[in-house]
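>
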Amino acid sequence: MVDAARAFSIVVVTVWHWTLSVIHRTADGSLAMPNPIDAVPGGWLATWVLQIMPVFFLVGGYANLAGWQRVQASGGSGAAFVGVRLRRLLVPTLLWAAVWLAAELVAALLPGPHRWVWEWFPGFLVPLWFLGVYGLLIAAVPVTARVHARFGVGALVGLAGLIAVGDVLHRAADVAWAAWVTTAAVWLFCHQLGYVWRTHRVGARPPGQRLGVAAVGLLALVALTMIAGYPRPMVATVGEPDSNMFPTNAAIAALAVFQLGLLGLIAPAASRLLRRAAVWKLVVAVNLVAITVFLWHMTALLVVVLAYEGLGHTLLSHPTGEWWGQRWLWLLAPAIVLAALVAAFGRVEIAARRPHRQDR
6 MVDAARAFSI VVVTVWHWTL SVIHRTADGS LAMPNPIDAV PGGWLATWVL
56 QIMPVFFLVG GYANLAGWQR VQASGGSGAA FVGVRLRRLL VPTLLWAAVW
106 LAAELVAALL PGPHRWVWEW FPGFLVPLWF LGVYGLLIAA VPVTARVHAR
156 FGVGALVGLA GLIAVGDVLH RAADVAWAAW VTTAAVWLFC HQLGYVWRTH
206 RVGARPPGQR LGVAAVGLLA LVALTMIAGY PRPMVATVGE PDSNMFPTNA
256 AIAALAVFQL GLLGLIAPAA SRLLRRAAVW KLVVAVNLVA ITVFLWHMTA
306 LLVVVLAYEG LGHTLLSHPT GEWWGQRWLW LLAPAIVLAA LVAAFGRVEI
356 AARRPHRQDR
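Sequence positions in the sequence shown follow this note's numbering and run 6 to 365.
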């Protein structure tokens, strides 16, 4: 179930960025990519399921605790655990950065003016915030796992209190630094919630308990968005001055609880589905190159954008009927490019996953 949730999250993020981004040129020639949620009545509700970033951290917490427990059982060290996990993350990331930097340096040496890609397409950097935060959480596992072992759900309660105080300071007292403390606490909360998922086997609990977890998260979301004034969409949206994601606030923590409950509710049906060999092989295949897909999916999108414009087409700046009618193209074309990129670079991630002699 955990592997399936990870694979599903990668697919959702990728498809969302490709098909639900109104990618267009701004006045200065930069590429912007707002989503069309504001143009879809009730579209914000879909983000309560499809804003999948909390699931990444839930899965990460579950998997990291499982790995840490194996290391402890075998007598391994915390440093070895962190080194192995960071290698899996950093090796494909450094390759991606090296390829992009080399391409940019070549472009800078060519005649004519040059703008660095991050100046005109900041969306290309989307994967880096997640990888940076997740890398820090991996480094903290030897500490956070011990905190969980000692306090269990109490650690979540403490983090929830810190998030609440941080949001009050930021939203009510306009204390700017409190927003970033809250951001860190929210993603740590999501990761620790993954620990609870594993320790308390949420997916195997009686249906009433699984439903209760989802209900607590849902009620918190409703209270925050309908009463406390938090934005209803869980993604940044045109016309909405605030965002729950940047900086991250209590609504995302509530969303993580709600989504954990949903994962628990579908766990029995998902387990039956995953017993099918074809489905399980697909999940394994996606997970083998998950970081590669995450890193390169925006590059695939950019390649298609440049090809689309090179063929004389103009990017649409609003989600018109014509824009909706093109969604098949913006799913199929980047998928073809991404398949080629994964074929070229995915083997590096697969190699990084193999245990080295010193890890055994």
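Heads up, the beta-carbon is just placed ideally off N, CA and C, and yes, glycines get one too.
For valine 60, which of Ala282, Gly266, Glu327, Ala312 has the nearest alpha-carbon?
Among Ala282, Gly266, Glu327, Ala312, the Cα nearest to that of valine 60 belongs to Gly266.
> Helix, strand or coil for arginine 151? Go by DSSP, reduced to three states.
Arginine 151: helix per DSSP, three-state reduction.
> Give a yes or no on whether the minimum CB-CB distance between serine 322 and chain B is below 8 Å.
Absent from the structure: chain B. Only one protein chain is present.
> Using a Cβ-Cβ cutoff of less than 7 Å, which residues in the same chain neighbour alanine 160 once the five nearest sequence positions on both sides are dropped?
Cβ neighbours of alanine 160 beyond the five flanking positions: Val152, His153, Gln197.
> State buried or exposed for tryptophan 123, treating a residue as buried only when at least 16 other CB atoms are found within 10 Å of its CB.
Tryptophan 123 comes out exposed.
> Excluding five sequence neighbours on each side, which residues of the same chain lie with their C-beta closer than 8 Å to the C-beta of proline 212?
Excluding sequence neighbours, proline 212 sits near Leu270.
> Under a Cβ-count criterion, where at least 16 other Cβ atoms within 10 Å of its own Cβ denotes burial, should alanine 10 be classed as buried or exposed?
Alanine 10 is buried by the Cβ-count criterion.
> In the structure shown, what three-state DSSP assignment does arginine 30 receive?
If DSSP states are grouped into helix, strand and coil, arginine 30 belongs with the strands.
> Please report the straight-line C-alpha distance between phenylalanine 126 and alanine 225, rounded to a whole angstrom.
Each residue's alpha carbon lies about 36 Å from the other.
> Assuming arginine 30 and leucine 321 are in contact, meaning their beta carbons sit under 8 Å apart, how far apart are those beta carbons, in whole angstroms?
Going by Cβ atoms, the distance from arginine 30 to leucine 321 rounds to 10 Å, so no, they are not a contact pair.
> So arginine 90 and isoleucine 143 are supposed to be a Cβ contact under 8 Å. How far apart are they, rounded?
So it is a contact: roughly 5 Å between Cβ atoms.
> With tyrosine 313 as the anchor, note down where its alpha helix (DSSP H) starts and where it stops.
Residues 295 to 315.
> In or out: arginine 365 buried (at least 16 other Cβ within 10 Å) or exposed?
Low per-residue confidence applies at arginine 365: pLDDT is 45, beneath 50, and the placement is therefore not dependable enough to give any value.
> Looking at the strands, I want to know which residues DSSP matches up with alanine 37.
In DSSP, alanine 37 forms a bridge with His29.
> Using three-state DSSP, classify glutamine 214 as helix, strand or coil.
Glutamine 214: helix per DSSP, three-state reduction.
> Would a C-beta distance cut-off of 8 Å place tyrosine 235 and alanine 256 closer than the cut-off?
Cβ atoms of tyrosine 235 and alanine 256: closer than 8 Å.
> DSSP three-state label for asparagine 249, please.
Coil at asparagine 249, not helix or strand.
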